[in-house]
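Remarks on the structure that follows.
Residue numbers (my numbering): -5 to 208.
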């Protein structure tokens, strides 16, 4: 009768090689050892029986895992919303701009005033963001104030800040890309953690079933 504390699949198979043929139990033990579990087992009448962990210990571990999964599922919802918001940012702004009088005034000037058109193209006026609080005032000033337009064009042409990229709203697009990338990265990490926890949950249920067989 072999009896000892075991913390690896290799050691378990060394003591109980017959488990190699039981695919379900072997897979459960491999996962259990991978998450830091330890077991004690004994062979009785040709059958391998688990002495430790007992049923209550496994039940507690299962409950802990279920709590972790629930917590991660809530975090997943949070980041899914962040990802959705980042993806529809441009779509939302383009839809809202049609309700702005400033947009229609810009359009009228763009097609009838060549000087205005050159200025708008020079600064790459982000008119689609006219409903965005951060850019609304700037866009309205550009459309309505000739002196402001000239100053902004001069700034864009001469400032080192705009040397490589003349978009006056370039940071908004960069920020949205960063938010989208961050959301996707967090979702990938969370999904991996949930997957591993579900594997652990499945393994513990198999071992609990094993205990009942003993």
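Note that beta-carbon positions come from the ideal geometry of N, C-alpha and C, so glycine has one too.
Remember, predicted model here, so these are calculated numbers, not experimental data.
Residue i (DSSP reduced to helix, strand or coil)
{"i": "residue 139", "result": "coil"}
{"i": "residue 78", "result": "helix"}
{"i": "residue 121", "result": "helix"}
Rounded straight-line distance, which links the Cα of residue j to that of residue i
{"i": "residue 48", "j": "residue 76", "result": "42 Å"}
{"i": "residue 66", "j": "residue 194", "result": "15 Å"}
{"i": "residue 79", "j": "residue 35", "result": "52 Å"}
{"i": "residue 182", "j": "residue 192", "result": "15 Å"}
{"i": "residue 131", "j": "residue 143", "result": "13 Å"}
{"i": "residue 184", "j": "residue 45", "result": "34 Å"}
{"i": "residue 151", "j": "residue 133", "result": "18 Å"}
{"i": "residue 190", "j": "residue 71", "result": "18 Å"}
Exposure of residue i, with buried meaning 16 or more beta-carbon neighbours within 10 Å
{"i": "residue 242", "result": "No statement about residue 242 is possible, as the shown extent of the chain runs from -5 to 208 and does not include it."}
{"i": "residue 6", "result": "buried"}
{"i": "residue 114", "result": "buried"}
{"i": "residue 125", "result": "buried"}
{"i": "residue 204", "result": "buried"}
{"i": "residue 23", "result": "buried"}
{"i": "residue 224", "result": "As displayed, the chain neither begins before -5 nor continues past 208, which places residue 224 out of reach and without an answer."}
{"i": "residue 127", "result": "exposed"}
{"i": "residue 122", "result": "buried"}
N-terminal and C-terminal residue of the alpha helix (DSSP H) that residue i is part of
{"i": "residue 28", "result": "17 to 28"}
{"i": "residue 38", "result": "Where residue 38 is concerned, there is no enclosing alpha helix (DSSP H), although the beta strand (DSSP E) it sits in stretches over 33 to 38."}
{"i": "residue 117", "result": "108 to 117"}
{"i": "residue 10", "result": "Run containing residue 10: none; DSSP gives neither H nor E here."}
Interface flag, residue i vs chain B, CB-CB below 8 Å
{"i": "residue 80", "result": "The structure shown contains no chain B; it holds only a single protein chain."}
Segment contact, 8 Å Cβ cut-off, at least three pairs: the region 164 to 181 with the region 48 to 62: no
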